[in-house]
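Read the structure below first, then the notes.
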Amino acid sequence: MRISEIVSNASRSTLWVEMALVLFFTVFVGVIFYLWFLIKPEALERAAQMPLDDLHPQEPLTLPKDPHADHAHKGER
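Start counting the sequence shown at 453; every next residue gets the next number (our numbering).
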């Protein structure tokens, strides 16, 4: 089978398209529900003002250092 045959046959079946639409809609409604009902408004306000909060500065997120990262640049292992 060629790719053109697969693509042309896939467009005839709307099952995958309908399933993707239902999945997208479910995720969308889930995110809206989470934002409106499960997150407290105070938490959203704090998060929105975090970059501007000079009274309570936060440290930037740092990732743990990989001990093998320095040797990879030098060609040593």
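Even for Gly, the Cβ is constructed at its ideal location relative to N, Cα and C.
Taking residue i as part of the alpha helix (DSSP H), name the residues at either end of that continuous run.
i, result
"R454", "First-last for R454: undefined, no H or E at that position."
"F485", "467–485"
"P493", "493–501"
Among residues of its own chain, excluding the 5 on either side of residue i, which ones have a beta-carbon nearer than 6 Å to its beta-carbon?
i, result
"I458", "none"
"V479", "none"
"W488", "none"
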